[in-house]
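Per my numbering, the sequence shown runs over residues 31 to 429.
Here a beta-carbon is modelled for each residue, glycine too, at the ideal position from N, C-alpha and C.
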Amino acid sequence: MLKGKKILIGITAGIAAYKIPFLIRLLIKEGAEIKVVMTAEACDFVTPLTLSVLSQNPVSIEPFSPADGTWHSHIELGSWADAFVIAPLTANSMAKMATGITDNLLLATYLAARCPVFYAPSMDVDMYHHKTTQHNISILKSHGNILISPNAGELASGLTGMGRLEEPAKIVELLQNYFAKYQSLAGKNVLISSGPTIEPIDPVRFISNYSSGRMGNSLAHEAASRGAFVTFVSGPVSEYPVHPNIQIIKVNSAAEMHTSCTEQFPKADICIMAAAVADYTPQNPEPDKIKKKEENILLKLLKTKDILADLGNLKSKKQLLIGFALETNNEIENAKEKLHTKNLDFIVLNSLKDESTGFGFTTNKVSIISKDHTVSKFELKTKTEVAADLFDFIQKEIV
Ligand code: CTP
């Protein structure tokens, strides 16, 4: 499973760095290609020479090596890797990663990396349990990084407790499981709509909604990291997903989103419409800014085309079509009705009645309703976790 995989190992200055040569040997044995980036301080714990010999590659420490004039690009390292494993990760480097500080090559590589990042905190027991450390662990997790939890046991300080770096063989197993799961959509095309649409009233005003596009971004990331090629049709948002497997098509209005989605749909194996599409659009947007001369003005709105329903009509037997339903009352019944009228395979219901869910939040609580009306309920989770649940669910259904 690791044959040909490019794994970048990041080493920070923890005593557990002595385990990394063993990790590299195991990974090489499994057929992985290894490069190492380390902090200058980590060189006190394990020598770059050992790491370079074992990894069969030069080790990067500073952005520039005066000895041979080589420039080590953080961008290149990050885009070379299929996975970036930072082990051991000290409390200090973790705090910097959580706040975006990039005062060495390893940290800059982290911020620029496009691949999944695994982080293995390792430190003394009290430092590990400190609220700040725990907070930083959860920040990194919420940014989509994968935690390699430390073990409890005897520590270098002589104390006993949590903080021991996971054993190299276990880290290899974890990477194998990860790649097994994350190639599961290789060769599939996934179409996702996301974000709000904006409907012009005049050149400076529009009608829109509060959608941040976060749920769509998480879905795109999840599909892409499982190996799918993702076409992401998005209304205007402040953040778009970044991944080599994601092609972004930016649109503004419901009409533009309709054109792009119907154009892209024939090649999609799985299509998820997560956009908050405007249901109505001004009938005659004014070519010039409306002046405030009148006491009242009337805005005539026309119904937009229902993109999802139109795709439901075009759908072939081989394609999976999934919609979202945003409901404030009579949720399950309304969602079931949309499932049938739009000819969907599943519908994902998010209720605005739940706290911390919906527009603007980083968390969501959903239920997935199948054609046979089975309702699968999920707990309140981050949108990244909801996206993983949804793809796990879809993949279980299509096997
Ligand atoms: N949708 C769409 N095109 C539209 C309206 C909605 O593709 N013009 C899609 C959404 O992306 C979502 C699903 O239809 O996947 C349901 O959207 P929702 O806003 O919950 O419902 P509507 O169909 O718009 O119906 P209503 O507003 O009456 O609840």
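Closer than 6 Å by C-beta to residue i: which residues in its own chain qualify, once you throw out the five before and the five after it? Chain order, please.
i           : result
residue 262 : 222, 250, 276 and 278
residue 397 : 379, 405 and 407
residue 78  : 89
residue 134 : 69
residue 80  : 51
residue 254 : 260, 273, 275 and 276
Count the other C-beta atoms from every protein chain shown that fall within 10 angstroms of the C-beta of residue i, then say buried if there are 16 or more, exposed otherwise.
i           : result
residue 297 : exposed
residue 368 : buried
residue 413 : buried
residue 382 : exposed
residue 220 : buried
residue 91  : buried
residue 154 : buried
residue 317 : exposed
residue 190 : exposed
residue 146 : buried
residue 260 : buried
residue 216 : exposed
residue 326 : exposed
residue 196 : buried
residue 49  : buried
residue 403 : exposed
residue 54  : buried
Taking the alpha carbon of residue i as the point to measure from, which residue in the options has its own alpha carbon closest?
i           : options               : result
residue 193 : 205, 291, 201 and 180 : 180
residue 34  : 113, 245, 122 and 53  : 113
residue 172 : 426, 411 and 420      : 411
residue 39  : 62, 66 and 56         : 66
residue 199 : 426, 416, 56 and 418  : 56
residue 288 : 213, 336, 417 and 216 : 336
residue 270 : 365, 225 and 291      : 225
residue 346 : 333, 375, 183 and 393 : 375
residue 358 : 310, 422, 384 and 377 : 384
residue 307 : 54, 87, 104 and 238   : 238
residue 109 : 137, 144, 87 and 332  : 144
residue 267 : 257, 254 and 282      : 282
residue 373 : 365, 84, 343 and 75   : 343
Does the Cβ of residue i lie closer than 7 Å to at least one heavy atom of the ligand CTP?
i           : result
residue 309 : yes
residue 303 : yes
residue 344 : no
residue 351 : no
residue 410 : no
residue 368 : yes
residue 283 : no
residue 143 : no
residue 389 : no
residue 298 : no
residue 355 : yes
residue 337 : yes
residue 223 : yes
residue 334 : yes
Cutting at 7 Å between CB atoms, please list the residues of its own chain near residue i, excluding the five before and the five after it.
i           : result
residue 280 : 264
Near residue i, which residues of its chain fall below 8 Å by C-beta distance, leaving aside the five closest residues on each side in sequence?
i           : result
residue 32  : 57, 60, 61, 62, 202, 205, 206 and 209
residue 252 : 414, 417, 418, 420 and 421
| Which residue spans inside the region 269 to 311 form an unbroken beta strand (DSSP E) run of at least 3? | 276 to 280 and 300 to 303
Could you give the uninterrupted runs of the beta strand (DSSP E) lying entirely in the region 186 to 240, keeping only those of 3 residues or more? 190 to 194, 219 to 224, 229 to 232 and 235 to 237
Residue ranges of each alpha helix (DSSP H) within the region 304 to 357, 4 or longer = 337 to 344
Q) Going along the chain, which unbroken runs of the alpha helix (DSSP H) with 4 or more residues stay wholly within the region 120 to 179? A) 121 to 129, 135 to 142, 155 to 159 and 161 to 172
**OP:** Note down, one range per segment and in chain order, each beta strand (DSSP E) of at least 3 residues found wholly within the region 391 to 422.
**Re:** 396 to 400 and 405 to 407
What ranges does the alpha helix (DSSP H) occupy inside the region 36 to 109, keeping only unbroken runs of at least 4 residues that lie completely in it? 50 to 59 and 78 to 85
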